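First comes the structure, then the notes that go with it.
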Amino acid sequence: MDSFGLQMKSLVIFLIAILCLSSCGKDEIVIDSTADDWKLLTASKGASPKLRLFDMPAAEVISEDVYFDNNNESLSNEITKIKAGLGEIYLIIPSEFKIVTIDESTFVKVAEYDFSAEGFRPVDVCIMANGTHAYVAHGNTNHYSLLDIRNHAIARHDTLSGVPVSIATIGNLVFTANQKNNSLSVIDSREFGEQYTISTPKAPTFIDFSNEGNYLVLVSLGSGKTGDTTQEKSKAMVSFYDVLTGELVTERDLSAGSVNSLSEVPRGLLTALNYWAFIPIGDALLRLDLSRRKVLEVVSNNNYDDIVYNRKTQDLLLIRNAAGFTKIISSNQETGVEVASQSIPGEISAFLPL
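Here the working numbering is used: the first residue of the sequence shown is 102, the next is one more, and so on.
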């Protein structure tokens, strides 16, 4: 082989080696161990809240106030709930009669829905899957509001048979839990307005849905647990209703193990993606079998203040506020067993995994 041929052969071998190295590099990126990293957005308790952003699971502070950093203004009053949907984060601020939305990626303020003219205090919001509207429950009136989230405007208000404390949607249907009236209101988004109500146990509070979407799961606190100490206490209950007909399928009280449903107060409800529902109550976390709908057991003997689902890690995410700090707990979505925890300074009023 002449010298030119040897040079060409060497060049070809060199190029093949470069391609192989490049290919190996791409494979390494795909299996990057940082894929388990996620972010946590928290709102500090009290007036002048800070919206802190943490890098998890290390709990390292990315920003002490991501809202101020990206908007050059501060929030003035306590955020009681944080929801996310369709690329926006909803900050619910009842004491200011408003909801502020920020971009989920940049945290820049997108819109402000102001209900102060009506005196409505928003307590919860649900975003419709069609991406055009959201519904707001107001905790001081028997009204709810429809938001046009494409144009960031309040479309209209309408009345309910009771005062709602929470709101949730599935398909074209919207449900509110009317705590003082012991009822669920059913709204059809295609027709607008309350279509009918469903009688419930005392103080219905938390709503979620079964994995297939055919059952509404409701947790009711029981009487004598919402501030009126003159009322005789009744048991905390979990109920299943047919989503389409509103008929009661089954229900049971939340007593299990050391948990006494007559005295304990549920603090949340989460239906995970694997036919289990979890309910923090008293000093315990209960697990409910959604497929059989009556099998209930204690899976943790710890106190939790709230529970949400972390889609990034596919875990349960719970919080426990203590004096001067908050514990962030990740638990297995099937067993409910704690798998990791971190403490962050200060107490929080709302949180959202990102």
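Backbone N, C-alpha and C define an ideal beta-carbon position, used for all residues, glycine too. Since we're looking at a predicted model, the values are computed, not measured.
Original post:
Which two residues bound the contiguous alpha helix (DSSP H) that contains residue 172?
Top reply: It spans 167-172 - the alpha helix (DSSP H) in which residue 172 sits, taken as one unbroken run.
Subject >> Close Cβ partners of residue 242 (< 6 Å) along its chain, the five nearest in sequence each way excluded >> reply: Counting only Cβ-Cβ distances below 6 Å, and skipping sequence neighbours, we find 221.
**OP:** From the DSSP output, in three-state form, read off residue 197 for me.
**Re:** In the structure shown, residue 197 sits in a helix (DSSP, three-state: H, G or I).
Subject >> Residue range of the unbroken beta strand (DSSP E) whose run includes residue 370 >> reply: That residue, residue 370, is in no beta strand (DSSP E); it is neither H nor E in DSSP.
Original post:
Considering only C-alpha positions, which residue in the set 248, 263, 174 and 265 is nearest to residue 257?
Top reply: Answer by Cα proximity: 248.
Original post:
What residue ranges within the stretch 290-348 form continuous alpha helix (DSSP H) runs of no fewer than 4 residues, ordered along the chain?
Top reply: Correct list: empty.
Original post:
How would you call residue 239, buried or exposed, if buried means at least 16 neighbouring beta carbons within 10 angstroms?
Top reply: By the neighbour-count rule (16 or more Cβ atoms within 10 Å), residue 239 is buried.
**OP:** Could you tell me whether the stretch 163-170 touches the stretch 410-426, using the rule of 3 or more Cβ pairs below 8 Å?
**Re:** Too few Cβ pairs lie closer than 8 Å, so no.
Original post:
DSSP beta-bridge partners for residue 254?
Top reply: According to the DSSP secondary-structure assignment, residue 254 is paired through a beta bridge with 249.
Subject >> N- and C-terminal bounds of the beta strand (DSSP E) containing residue 448 >> reply: Premise fails: residue 448 is in no beta strand (DSSP E) and is neither H nor E.
**OP:** Could you pull out every unbroken beta strand (DSSP E) segment of at least 3 residues lying fully inside the stretch 204-240, listed in chain order?
**Re:** Listed in chain order, the complete beta strand (DSSP E) runs (minimum 3 residues) inside the stretch 204-240 are 210-215, 223-228 and 234-239.
Original post:
Roughly how many angstroms lie between the CA atoms of residue 201 and residue 229, to the nearest whole one?
Top reply: Taking the straight line from one Cα to the other gives about 18 Å.
Original post:
Just reading off the beta strand (DSSP E) that residue 181 is part of, what are its end residues?
Top reply: No beta strand (DSSP E) holds residue 181; DSSP gives it neither H nor E.
Subject >> residue 352 versus residue 387 - alpha carbon distance >> reply: Whole-angstrom Cα-Cα distance: 15 Å.
Subject >> residue 156: CB within 8 Å of a non-hydrogen atom of the ligand NAD >> reply: Questions concerning the ligand NAD fall outside what the structure shown contains, since it holds no ligand whatsoever.
Original post:
Counting along the chain, where does the beta strand (DSSP E) carrying residue 156 start and finish?
Top reply: That run of the beta strand (DSSP E) goes 152-157.
Original post:
residue 435: which of 159, 330, 453 and 399 sits nearest, CA to CA?
Top reply: Looking at 159, 330, 453 and 399, the one whose alpha-carbon comes closest to that of residue 435 is 399.
Subject >> First through last residue of the beta strand (DSSP E) which encompasses residue 422 >> reply: 416-423 is the extent of the beta strand (DSSP E) around residue 422.
Original post:
What three-state label does DSSP hand residue 384 in the structure shown?
Top reply: Correct three-state label for residue 384: coil.
**OP:** In angstroms with no decimal places, state the Cα-to-Cα distance between residue 451 and residue 345.
**Re:** Cα to Cα, the separation comes out at about 32 Å.
**OP:** Output the boundary residues of the beta strand (DSSP E) element that contains residue 262.
**Re:** Here residue 262 belongs to no beta strand (DSSP E), and DSSP marks it neither H nor E.
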